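Trainee:
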Amino acid sequence: MKQQTFYRDTWVEINLDCIYNNVVNIKRFIPNATEVIAVVKANAYGHGDVQVAKIALEAGATRLAVAMLDEALHLRRHGITAPIIVLGVVRPQDADIAAEHQIAVTVFRKGWLQEAEQSRMNDRPLHIHLKLDTGMGRLGIRTKEELIELLPFFHMPSFYIEGAYTHFAAADELNTVHVEGQYKKFLCMLDWLKEYDIQPPMIHCANSATSYRFSERVFNAVRIGIGMYGLTPSVEMNSLIPVDNKPAFSLHSRLTHIKKLNVGDTVSYGATYTAEEEEWIGTVAIGYADGWRRSLQGFHVLVDGEKVPIVGRVCMDQLMVRLPRYAPVDTEVILVGQQGEAEVTMEEVASYLDTINYEIPNMIGARVPRVFKRNDEIVEVMTRFSL
578 MKQQTFYRDT
588 WVEINLDCIY
598 NNVVNIKRFI
608 PNATEVIAVV
618 KANAYGHGDV
628 QVAKIALEAG
638 ATRLAVAMLD
648 EALHLRRHGI
658 TAPIIVLGVV
668 RPQDADIAAE
678 HQIAVTVFRK
688 GWLQEAEQSR
698 MNDRPLHIHL
708 KLDTGMGRLG
718 IRTKEELIEL
728 LPFFHMPSFY
738 IEGAYTHFAA
748 ADELNTVHVE
758 GQYKKFLCML
768 DWLKEYDIQP
778 PMIHCANSAT
788 SYRFSERVFN
798 AVRIGIGMYG
808 LTPSVEMNSL
818 IPVDNKPAFS
828 LHSRLTHIKK
838 LNVGDTVSYG
848 ATYTAEEEEW
858 IGTVAIGYAD
868 GWRRSLQGFH
878 VLVDGEKVPI
888 VGRVCMDQLM
898 VRLPRYAPVD
908 TEVILVGQQG
918 EAEVTMEEVA
928 SYLDTINYEI
938 PNMIGARVPR
948 VFKRNDEIVE
958 VMTRFSL
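Just so you know, we're using this note's numbering here: the sequence shown kicks off at 578 and counts up by one.
(1) Where does residue 935 land, buried or exposed, given buried means 16+ other C-beta within 10 angstroms?
(2) Considering only residues of the stretch 590–656, which uninterrupted alpha helix (DSSP H) runs meet the minimum length of 4 residues and lie entirely inside it, listed in chain order?
(3) Let me know if residue 871 comes out buried or exposed under the rule of 16 or more other beta-carbons within 10 Å of its beta-carbon.
(4) When you compare only the Cα positions, how much space is there between residue 915 and residue 827?
(5) For residue 811, is the classification buried or exposed, using 16 other Cβ atoms within 10 angstroms of its Cβ as the cut-off for buried?
(6) Give the secondary structure of residue 891 by DSSP, where H, G and I count as helix, E and B as strand, and everything else as coil.
(7) Could you work out which residue in 738, 896, 704 is closest to residue 673 when comparing CA atoms only?
(8) Under three-state DSSP, which class holds residue 874?
(9) State the beta-bridge partners of residue 831 as determined by DSSP.
(10) Please classify residue 803: does DSSP put it in a helix, a strand, or coil?
(11) Applying the 10 Å Cβ sphere with the 16-neighbour rule, what's the burial state of residue 962?
(12) Quick one: what's got a C-beta closer than 8 Å to residue 900's C-beta in the same chain, skipping five residues either side?
(13) With distances taken Cα to Cα, identify the nearest neighbour of residue 696 among 717, 593, 906, 735.
(14) Would you report the Cα separation of residue 783 and residue 615, rounded to the nearest angstrom?
(15) Identify, in the order they occur along the chain, each residue of the same chain with its Cβ nearer than 8 Å to the Cβ of residue 865, setting aside the five sequence neighbours on each side.
(16) Cβ atoms of residue 802 and residue 785: under 7 Å apart, would you say?
(17) Kindly give me the distance between the Cβ atoms of residue 804 and residue 603, rounded to whole angstroms, as I take these residues to be in contact under 8 Å.
(18) Below 6 Å CB to CB, which residues in the same chain sit around residue 611 once its five sequence neighbours on both sides are set aside?
(19) Within 10 Å of its beta-carbon, does residue 739 have 16 or more other beta-carbons around it, so buried, or fewer, so exposed?
(20) Give me the residue from 910, 661, 832, 717 with the minimum Cα distance to residue 678.
(21) So the alpha helix (DSSP H) residue 857 belongs to, where does it begin and stop?
(22) From residue 726 to residue 770, what does the alpha carbon distance come to, in whole angstroms?
(23) Which residue wins for smallest C-alpha separation from residue 942, given the options 582, 708, 622?
(24) Would you grab the beta carbon distance between residue 711 and residue 645 for me? Rounded to a whole angstrom, and I think it's under 8 Å.
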């Protein structure tokens, strides 16, 4: 068991057993998916990319997906040898770097392939995934004419077409009209590829929401992001999730000071909170510099298994809560997670901030240590200051 090696009273706990079980559950639900691509972009949605990648692969994921080349190279530097796909744009002049480290890239433009071919210095083929824009409107070819422009490059030894994919824009919404339209267009585009004898071994369109709701449409690979972390793709889908996945992320802090306010005493910048009676106020060692936003004033956290309100403005490094009774310094505070029978979910925080649950773990900054646990024991601690 590793000891904690950080010196502040705020930390994130990542339950790696949850990640493992979530991947296993998804694999069982989609037995026909020969490839499970674990999406670990954005530091694994704020959970820790290297640690999540390793546990996902252990649980049966076969590939990893990231958003940029730097993220892929970071995984390689930490000894991860599994296939990696970059879902975002890689600069064409960096094609050799990707090929050297056996990192597949997303391609959808003739100009990109031309520049990449001209800049190639080694003979190792660059693995590419052809992005088809069926209605997301972000990246990808949209017409048959665009595909025809790419065909000469697909027969060059510099490139190996490993996959073709699209991304559904509204798979997490109850109305399936947009998904149906994108799916039909994807099938049409795949027929274009067959017409020109382009047969990528991997075809993928299913994100977490698609995998849950349209498992018959996963082709031979799925990309699992939010589901792997135990979070729902949308509030609308809460009752439609067919697997019992558990959140892996919880956010903890402690009371660092306790004080009793008198009637008329104020709290924090701008004196926006005034005590209307005698009350106990606790100071918590987290603030907006950690990603706990200033706009969370008025939201609640858990202390001794009860929801208590954040009073006054959230400061850069600290915030204050109104306690129902005296609580000693060092009392644990849960900002996201469970304490006793009470719970603060990602969805609650997201709703208060008028955003989605994806954003919550991503907004908790690198100066908040990540404590990784398996079987309730610490197996690794990652801090910004130990990188």
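Every residue, glycine too, gets a C-beta built ideally from N, C-alpha and C. Computed from a predicted structure; not experimentally measured.
Mentor: If we stick to the structure as given:
(1) What you label residue 935 is simply residue 358 of the sequence shown in a count that begins at 1. Classification for residue 935: buried.
(2) 593–606, 618–623, 626–635, 646–654
(3) Locating residue 871 in the sequence shown gives position 294, counting from the first residue. Note on residue 871: under 16 other CB atoms within 10 angstroms of its CB, so exposed under the neighbour-count rule.
(4) Within the sequence shown, the letter at position 338 stands for residue 915. Within the sequence shown, the letter at position 250 stands for residue 827. Those two C-alpha atoms are separated by around 8 Å.
(5) Here residue 811 corresponds to residue number 234 of the sequence shown, with the count starting at 1. Buried is the call here.
(6) Taking the sequence shown and counting its residues from 1, the one referred to as residue 891 is at position 314. DSSP places residue 891 in coil when its eight states are reduced to three.
(7) The sequence position of residue 673 within the sequence shown is 96, counting from 1. Ranking 738, 896, 704 by Cα distance to residue 673 puts 704 first.
(8) Along the sequence shown, read from residue 1 onward, the residue named residue 874 stands at position 297. In this structure, residue 874 counts as coil in the three-state DSSP scheme.
(9) In the sequence shown, the residue the question calls residue 831 occupies position 254. For residue 831, which the question treats as bridged, DSSP gives the partners 909.
(10) For the purposes of this step, residue 803 is identified with residue 226 of the sequence shown, where counting begins at 1. In this structure, residue 803 counts as helix in the three-state DSSP scheme.
(11) The count along the sequence shown starts at 1 and reaches residue 962 at position 385. It is exposed - the Cβ of residue 962 has fewer than 16 other Cβ atoms within 10 Å.
(12) Position 323 of the sequence shown holds residue 900. Same-chain partners within the cutoff: 835, 856, 857, 858, 859, 880, 885.
(13) In the sequence shown, the residue the question calls residue 696 occupies position 119. Of all alpha-carbon atoms in 717, 593, 906, 735, the one lying nearest the alpha-carbon of residue 696 is that of 735.
(14) Counting from 1 along the sequence shown, the entry for residue 783 is found at position 206. Counting from 1 along the sequence shown, the entry for residue 615 is found at position 38. Between residue 783 and residue 615, the C-alpha separation is close to 12 Å.
(15) Along the sequence shown, one-based indexing puts residue 865 at 288. Excluding sequence neighbours, residue 865 sits near 871, 891, 892, 893.
(16) Position 208 of the sequence shown, counted from the first residue, corresponds to residue 785. Position 225 of the sequence shown, counted from the first residue, corresponds to residue 802. A contact, by the Cβ cut-off of 7 Å.
(17) Sequence index remark: in the sequence shown, residue 804 carries index 227 (1-based). Sequence index remark: in the sequence shown, residue 603 carries index 26 (1-based). The Cβ separation is near 6 Å, so the contact holds.
(18) Locating residue 611 in the sequence shown gives position 34, counting from the first residue. Correct list, in chain order: 797.
(19) Against the sequence shown, residue 739 aligns to sequence position 162. So residue 739 ends up on the buried side.
(20) Stepping through the sequence shown from its first residue, residue 678 is reached at position 101. For residue 678, the nearest C-alpha among the options comes from 661.
(21) The residue given as residue 857 occupies position 280 in the sequence shown. Premise fails: residue 857 lies in the beta strand (DSSP E), 856–861, not in any alpha helix (DSSP H).
(22) One-based indexing of the sequence shown puts residue 726 at position 149. One-based indexing of the sequence shown puts residue 770 at position 193. Looking at the two C-alpha atoms, the distance is approximately 13 Å.
(23) Along the sequence shown, read from residue 1 onward, the residue named residue 942 stands at position 365. The shortest Cα separation from residue 942 among 582, 708, 622 belongs to 622.
(24) As a working note, residue 711 is residue 134 in the sequence shown. As a working note, residue 645 is residue 68 in the sequence shown. No, residue 711 and residue 645 are not in contact; Cβ-Cβ is about 23 Å, not under 8 Å.
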